[in-house]
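2 protein chains.
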Amino acid sequence: MADLAREAGVSASTASRALRDSPLISQETIAHVKQVAKQHAYRPHLGARNLRLKKCNIVVLILPFNYADSDVLANPYIFKIIGTIGSVLREYGYDLLLSQMDTISEQIDDRYIHAGIAAGAIILGRGDNDPEKIRKLADTGIPFVILGPKLENQDYCSVGIDNHLSARMVVQHFAKLGRKHIAIVSDNRENRLSESYSRFQGYLQALKELNFSFNPNLVAQSIHSGNSAYEAVRKLLHDAPEMDAIFVATSDVVAISVIQALQQSGKQIPEDVAVIGFDNIDLCDFITPALTSVSQRLQDGVATILVEKLIAQINGKDVESTMLEGSLVIRQSCGQADFNVLNGSSINQPQ
Amino acid sequence: MADLAREAGVSASTASRALRDSPLISQETIAHVKQVAKQHAYRPHLGARNLRLKKCNIVVLILPFNYADSDVLANPYIFKIIGTIGSVLREYGYDLLLSQMDTISEQIDDRYIHAGIAAGAIILGRGDNDPEKIRKLADTGIPFVILGPKLENQDYCSVGIDNHLSARMVVQHFAKLGRKHIAIVSDNRENRLSESYSRFQGYLQALKELNFSFNPNLVAQSIHSGNSAYEAVRKLLHDAPEMDAIFVATSDVVAISVIQALQQSGKQIPEDVAVIGFDNIDLCDFITPALTSVSQRLQDGVATILVEKLIAQINGKDVESTMLEGSLVIRQSCGQADFNVLNGSSINQPQ
DNA sequence: ATAATTCATGCAATCGATTGCACTGGCTCA
DNA sequence: TGAGCCAGTGCAATCGATTGCATGAATTAT
């Protein structure tokens, strides 16, 4: 910019103001400076500007799991949400920095926010972090939002769908279609506050609401991989041969493997066993039978809200957490013939 | 840092040097400054440091396609490579900035490199950009590498697998297993320099090497989506009912849909039709039959080399483009019973 | 004609670090 | 004892922008 100013025969301050259309500068000077700038292909140094203005147009996206945990990364859902968040951020003029981090800690502040690299953070889920760690991060006062359900007494901002409600919706839908022996496959490795846990609780409550008795033989564990899905199916077929429906609460990727495993055991889907997954990934449409699944409403909800809440915080505003209703996208695998989308209000409320 | 210096009773310069263990500073001063720093939880402002040192530890990853093109993003392959690049970059002390950009242009320089935001760029493929655009970017002299095969007379650095060789390997493998009527499904929407085109050329050459005649009825188009895969299969079954193998050169995601479509038409895989895909995504192992596929060797090759070449450029070194051999990961879908991995040297060279 | 006002511009400080050079005091050595 | 040396430290410039305040010229008011 010093060069620009010299070239245009003005001071650096005038050049700076001219480029920003300051009313302090005469129109002809502005025009002249801009012309010289164009001629010399002047481009501002954003790093310097950010330093001076104490601003910055980068948001860091924290992936609170290990890249080596390829099971998580193999889930297209994750990439979908990253892409959507990226688009929304760009609309607001922010770029997105990706940072993998095994555990959530003040390192986010040290390395990014306080360091002047990023203005705020979006954390893609609680991972298997102790809630206390997240609370400590909140104590630093940095702007951040976290993907996931709201916990009790939580003083920071989270955005996610209501897993409990979604699970109830799934179970009630099975019941409506006449299924009596509804199994659940879920990932309970993580701590008891995880999404998976909420989904399981929702499953339990729905059974209660339906006056179905809980049968532990209808419960199987799975992590986010295909192998464990095969084991889960084997276990369920052995322990509860009367099973006529499976809610794969882990993810669609696991649900697809569950379907494969069932088919290999000679089961017809959905005639013998109906299946519903979670995440509503694109692939749901392209497998046979097409997979009914719970949408986390990334496109029309979560990503946008995450970004908006974060930017509000960056601008010094207070924000509240949000819980969205998930929606059930109905395809063939659950045994209902017609495509449909249900939302949370469709479920029967307990008296 | 000014506060730190005052607190420790030294000048800012001494404080700065002390924290960086400069030999100019006495041991006791260093110890004292560090202790005060720890006490007051001093953390350096990287933005300021970068400005002064004209360095920066961010690399921008350009996604040269539209986020709205969800077909591309749905491909787990893309996320896998982003994750792997992120890990490798982190080992070298760099963070990763994600930037979607419909077309490749000098905007990368303006917005990121010259602006002092990033030190270099990794471009995830040529997308459907005119090669001239990429050459113009190269003319700016910024450090960047691009994922993909090397073109003729290319003066910038690219890293990718040899698509031509990989395609030949696939066709020859089909032939070795006794298949005579080998179809290809590929994406020829993009310009003629794309990966897809090279794969198609490799297919043609392999036929020649095998003295198989080329049959246009065995060629079908597909974009990166499941729907188009169904159409491709319908077309092939109609035009060439004798077909006994399909090389799905587009991607594994499409290959999976191809398998579904074939099965729905009553074909047994691999007995009636053998199938081989491209990318070797994790899902290959979990579908039935497990999908034989060409690995782009992201884990053991491409990502690391991309990063190393970029960093070499950032450090002012000249680098050459690299073409890796792909490897064929053999599973059930191609009709060979035993798991195996072939590399390029396994193919028959033309005399 | 002089004071008051406006308009356009430049000086210099600032953001938070790093670093060349000058300076100080204590030491060695002739 | 005085010149030379060196270790340890601070001043001030620098990276590339932005901005409060002062300056100076032109214009208007008295």
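The listed protein sequences correspond, in order, to chains A and B. Just so we're aligned: 323 in my numbering is position 30 of the first sequence, and the numbers increase by one with no gaps anywhere. Just so we're aligned: 362 in my numbering is position 69 of the second sequence, and the numbers increase by one with no gaps anywhere. All residues carry an ideal CB built from backbone N, CA and C; glycine is no exception. No experiment lies behind these values; they were computed from the predicted model shown.
Complete runs of the beta strand (DSSP E) confined to the region 367-397 of chain A [at least 3 residues]: 388-393
Residues of chain B with a CB under 8 Å from the CB of Gly-340 (chain A): which are they? What you label residue 340 (chain A) is simply residue 47 of the first sequence in a count that begins at 1. Neighbours of Gly-340 (chain A) on chain B, chain order: Gly-340, Asn-343, Leu-344, Cys-349, Ala-408, Gly-409 and Ile-410.
By the criterion of Cβ-Cβ separation under 9 Å, what are the contact partners of Gly-379 (chain A) in chain B? Stepping through the first sequence from its first residue, residue 379 (chain A) is reached at position 86. Those are Leu-356, Tyr-360, Leu-391, Ser-392 and Gln-393, listed as they occur along chain B.
Are the Cβ atoms of Gly-441 (chain B) and Gly-453 (chain B) separated by less than 8 Å? In the second sequence, counting from the first residue as 1, residue 441 (chain B) sits at position 148. In the second sequence, counting from the first residue as 1, residue 453 (chain B) sits at position 160. In contact: Gly-441 (chain B) and Gly-453 (chain B) (Cβ atoms closer than 8 Å).
At a CB distance below 8 Å, what residues from the region 541-567 of chain A approach chain B? Give them in sequence order. Val-546, Ile-549, Ser-550, Gln-553, Gln-556 and Gln-557
Residues in the region 316-339 of chain B with C-beta within 8 Å of chain A's C-beta atoms, listed in sequence order? Arg-336, Pro-337, His-338 and Leu-339
Proximity of Val-352 (chain A) and Leu-603 (chain A) at Cβ, strictly below 8 Å: Along the first sequence, read from residue 1 onward, the residue named residue 352 (chain A) stands at position 59. Along the first sequence, read from residue 1 onward, the residue named residue 603 (chain A) stands at position 310. Their beta carbons are under 8 Å apart, which means Val-352 (chain A) touches Leu-603 (chain A) by this criterion.
Using a C-beta to C-beta distance shorter than 8 Å, which residues of chain B count as neighbours of Thr-581 (chain A)? The count along the first sequence starts at 1 and reaches residue 581 (chain A) at position 288. In chain order: Gln-553, Gln-556 and Gln-557.
Using only the alpha-carbon positions, how far apart do Asp-572 (chain B) and Ala-476 (chain A) sit? For the purposes of this step, residue 572 (chain B) is taken as residue 279 along the second sequence, with counting starting at 1. For the purposes of this step, residue 476 (chain A) is taken as residue 183 along the first sequence, with counting starting at 1. Each residue's Cα considered, the two are about 34 Å apart.
In terms of residues, what are the limits of the beta strand (DSSP E) holding Asn-343 (chain B)? For the purposes of this step, residue 343 (chain B) is identified with residue 50 of the second sequence, where counting begins at 1. Note, Asn-343 (chain B): premise wrong, no beta strand (DSSP E); alpha helix (DSSP H) at 339-346.
If you run the structure through DSSP and keep just helix, strand and coil, what is Gln-644 (chain B)? For the purposes of this step, residue 644 (chain B) is identified with residue 351 of the second sequence, where counting begins at 1. Only weak support is given to the placement of Gln-644 (chain B): the predicted model assigns it a pLDDT of 43, under 50, and the value that follows is read from those uncertain coordinates. Gln-644 (chain B) falls in the coil class under three-state DSSP.
Please report the straight-line C-alpha distance between Asn-481 (chain B) and Asp-421 (chain A), rounded to a whole angstrom. By 1-based counting over the second sequence, the position of residue 481 (chain B) is 188. By 1-based counting over the first sequence, the position of residue 421 (chain A) is 128. C-alpha separation (whole angstroms): 44 Å.
Minimum Cβ-Cβ distance from Gln-644 (chain B) to chain A less than 8 Å: What you label residue 644 (chain B) is simply residue 351 of the second sequence in a count that begins at 1. Low confidence applies here, because Gln-644 (chain B) scores a pLDDT of 43, under 50, leaving its location unreliable; read the following figure in that light. No, Gln-644 (chain B) does not count as interfacial toward chain A.
Could you please give me the residues that DSSP links to Ser-586 (chain A) through a beta bridge? In the first sequence, residue 586 (chain A) corresponds to position 293, counting from 1. Ser-586 (chain A) pairs with A:Gly-570 and A:Val-622.
Status (buried if at least 16 other CB within 10 Å, exposed otherwise) for Asp-402 (chain A): Numbered from its first residue, the first sequence carries residue 402 (chain A) at position 109. Answer is buried; the Cβ neighbour count reaches 16.
Cβ of Ser-588 (chain B) within 8 Å of Cβ of Ser-451 (chain B)? Taking the first residue of the second sequence as position 1, residue 588 (chain B) is located at position 295. Taking the first residue of the second sequence as position 1, residue 451 (chain B) is located at position 158. No; because the gap between Cβ atoms is not below 8 Å, this pair is not in contact.
Neighbour-count burial assignment, Val-289 (chain B), 16 or more Cβ in a 10 Å radius: A query on residue 289 (chain B) cannot be resolved here, the shown segment of chain B reaching from 294 to 644 and no further.
With a threshold of 16 other CB atoms inside 10 Å of the CB of His-407 (chain A), please say whether the residue is buried or exposed. If you number the first sequence from 1, residue 407 (chain A) lands on position 114. That one is buried.
Taking the Cβ atom as the reference point for each residue, do Arg-461 (chain A) and Ile-640 (chain A) lie within a distance shorter than 8 Å? To locate residue 461 (chain A), count along the first sequence from 1; it is residue 168. To locate residue 640 (chain A), count along the first sequence from 1; it is residue 347. Taking 8 Å as the Cβ cut-off, Arg-461 (chain A) and Ile-640 (chain A) qualify as a contacting pair.
Check the Cβ-Cβ distances between Ile-397 (chain B) and every residue of chain A, and say whether any is below 8 Å. Stepping through the second sequence from its first residue, residue 397 (chain B) is reached at position 104. Cβ-Cβ to chain A under 8 Å: no for Ile-397 (chain B).
Quick check on DSSP: helix, strand or coil for Val-303 (chain A)? As a first step, residue 303 (chain A) must be located in the first sequence, where it is residue number 10. If DSSP states are grouped into helix, strand and coil, Val-303 (chain A) belongs with coil.
Any beta carbon of chain B sitting closer than 8 Å to that of Phe-437 (chain A)? By 1-based counting over the first sequence, the position of residue 437 (chain A) is 144. With 8 Å as the cut-off, Phe-437 (chain A) does not count as an interface residue toward chain B.
In angstroms with no decimal places, state the Cα-to-Cα distance between Leu-530 (chain B) and Arg-492 (chain A). The residue given as residue 530 (chain B) occupies position 237 in the second sequence. The residue given as residue 492 (chain A) occupies position 199 in the first sequence. In a straight line, the C-alpha of Leu-530 (chain B) is about 44 Å away from that of Arg-492 (chain A).
In terms of residues, what are the limits of the beta strand (DSSP E) holding Leu-440 (chain B)? Mapped onto the second sequence, residue 440 (chain B) falls at position 147. Per DSSP, Leu-440 (chain B) belongs to the beta strand (DSSP E) from 437-440.
What does the alpha-carbon distance come out to for the pair Ala-341 (chain B) and Gly-409 (chain A)? On the second sequence, residue 341 (chain B) is found 48 positions in, with the first residue counted as 1. On the first sequence, residue 409 (chain A) is found 116 positions in, with the first residue counted as 1. Distance between the alpha carbons of Ala-341 (chain B) and Gly-409 (chain A): 8 Å.
Mind checking who Leu-647 (chain A) pairs with in its DSSP beta bridge? Any question about residue 647 (chain A) goes unanswered here, given that chain A covers just 294 to 644.
Shortest alpha-carbon distance to Thr-585 (chain A) belongs to which of A:Val-568, A:Leu-591 and A:Leu-599? As a working mapping, residue 585 (chain A) is identified with position 292 in the first sequence. Checking every option, the nearest Cα to that of Thr-585 (chain A) belongs to A:Val-568.
So with CB distances below 8 Å, who are the chain A contacts of Asp-403 (chain B)? Start at 1 with the first residue of the second sequence, and residue 403 (chain B) comes out as number 110. The contacting residues are Arg-336.
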